[in-house]
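Peer 1:
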Amino acid sequence: MFNFSSQIDAMKTFIIGITLILASTILGFIWISIGLFALVVHTIGPIWGPIALGGLFLLPILIYFGLRLLPQNRRKRKQSAIDEAFNNSTVGSISRLIDTLSATSPVLATVAAIAAGFVATRFPQFLPMFSQIVLAFGEELQLHKVRRTEKKARQAKADYERTVNNPSPPDVEPVNKRRRKTPDMY
-10 MFNFSSQIDA
0 MKTFIIGITL
10 ILASTILGFI
20 WISIGLFALV
30 VHTIGPIWGP
40 IALGGLFLLP
50 ILIYFGLRLL
60 PQNRRKRKQS
70 AIDEAFNNST
80 VGSISRLIDT
90 LSATSPVLAT
100 VAAIAAGFVA
110 TRFPQFLPMF
120 SQIVLAFGEE
130 LQLHKVRRTE
140 KKARQAKADY
150 ERTVNNPSPP
160 DVEPVNKRRR
170 KTPDMY
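Going by our numbering, the sequence shown opens with residue -10, and the numbers climb by one from there.
Okay, structure coming up:
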């Protein structure tokens, strides 16, 4: 039977524990801030100390916004917006579809492009869903190739280790050769 009182007690202890941890962290930060403030006021002075401390706290924010305003970031954001718009368009969806499946099979890529063209003309609202399904299928095919080659490599390594670690003795003939021999008549 499900005991609600023990569940509520466990939840209360969890909430109390989290609250106490957060409260002690906040108090620690407050004491560190008070110590820093006293140190800066003592070393720099009562006017320039708080200004320097505030500038020190604002410095990471200013660096972040300064880096965001650089022209190269604007170009990257603009290019990423253009790429995203292209990928969301009909031509972009079909292009990604062909690129993904062309590595697997050109015939499969052609069939998928024809099907995507049909879906785009008749049911354009389903094209992104169709594109995602075919892209997932193409990625799965590529992963299947990788898994197959990894399996062959593991099998070849196991065969090699088996033959290296357990070579047959040189003076013993294999069983199948002994059975094929005709017995010598004396």
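Even glycine gets a Cβ: it sits at the ideal position worked out from N, Cα and C.
#1: Going by DSSP in three states, PRO35 sits in which element: helix, strand or coil?
#2: In this structure, does DSSP put SER94 in helix, strand or coil?
#3: Quick one, which of LYS140, GLY38, ILE5 and GLU129 has its alpha-carbon nearest ALA92's?
#4: What is the DSSP secondary structure of LEU59, reduced to helix, strand or coil?
#5: Would you kindly work out how many angstroms separate the C-alpha atoms of LEU179 and LEU97, rounded to a whole number?
#6: Can you give me the C-alpha to C-alpha distance between SER13 and MET0, rounded to a whole angstrom?
#7: Going by the CB atoms, is the gap between ILE33 and ALA41 shorter than 9 Å?
#8: Give a yes or no on whether the C-beta atoms belonging to SER69 and SER120 are separated by under 9 Å.
#9: Given this structure, state the Cα-to-Cα distance separating ARG63 from TYR53, to the nearest angstrom.
#10: DSSP three-state call for PHE112: helix, strand or coil?
#11: Under 8 Å Cβ to Cβ from ALA102, same chain only, skipping five residues before and after it: list those, please.
#12: Around the Cβ of VAL108, are there at least 16 other Cβ atoms within 10 angstroms (buried) or fewer (exposed)?
#13: Between PHE(-7) and ILE10, what straight-line distance do the alpha-carbon atoms span, to the nearest angstrom?
#14: Skipping 5 residues on each side, what residues in its chain have a beta carbon closer than 8 Å to that of GLY38?
Peer 2: According to the structure shown:
#1: Counting from one through the sequence shown, the residue named residue 35 turns up at place 46. DSSP places PRO35 in coil when its eight states are reduced to three.
#2: Walking along the sequence shown from the start, residue 94 turns up at place 105. Reduced to three states, the DSSP call for SER94 is coil.
#3: Mapped onto the sequence shown, residue 92 falls at position 103. Ranked by Cα distance from ALA92, the options LYS140, GLY38, ILE5 and GLU129 are led by GLU129.
#4: Position 70 of the sequence shown, counting from 1, holds the residue named residue 59. In the structure shown, LEU59 sits in coil (DSSP, three-state: anything other than H, G, I, E or B).
#5: Residue 179 falls outside the range modelled here, since the chain spans only -10 to 175, and no answer is possible.
#6: Mapped onto the sequence shown, residue 13 falls at position 24. Mapped onto the sequence shown, residue 0 falls at position 11. Going by the C-alpha atoms only, they are around 20 Å apart.
#7: Counting from one through the sequence shown, the residue named residue 41 turns up at place 52. Counting from one through the sequence shown, the residue named residue 33 turns up at place 44. In this structure, ILE33 lies closer than 9 Å to ALA41 by Cβ.
#8: For this step, residue 69 is matched to residue 80 along the sequence shown. For this step, residue 120 is matched to residue 131 along the sequence shown. Not in contact: SER69 and SER120 (Cβ atoms no closer than 9 Å).
#9: Stepping through the sequence shown from its first residue, residue 63 is reached at position 74. Stepping through the sequence shown from its first residue, residue 53 is reached at position 64. Going by the C-alpha atoms only, they are around 14 Å apart.
#10: Walking along the sequence shown from the start, residue 112 turns up at place 123. Of the three classes helix, strand and coil, the one that applies to PHE112 here is coil, per DSSP.
#11: Position 113 of the sequence shown holds residue 102. Cβ within range, chain order: ILE83, LEU86 and ILE87.
#12: Within the sequence shown, residue 108 is the residue found at index 119, counting from 1. The residue in question, VAL108, is buried, as its Cβ has 16 or more Cβ neighbours within 10 Å.
#13: On the sequence shown, position 4 is the one that residue -7 refers to. On the sequence shown, position 21 is the one that residue 10 refers to. One alpha carbon belongs to PHE(-7), the other to ILE10, and they sit about 26 Å apart.
#14: One-based indexing of the sequence shown puts residue 38 at position 49. The beta carbon of GLY38 lies closer than 8 Å to those of PHE26, VAL29, VAL30, HIS31 and THR32 in the same chain, with the five residues before and after it left out.
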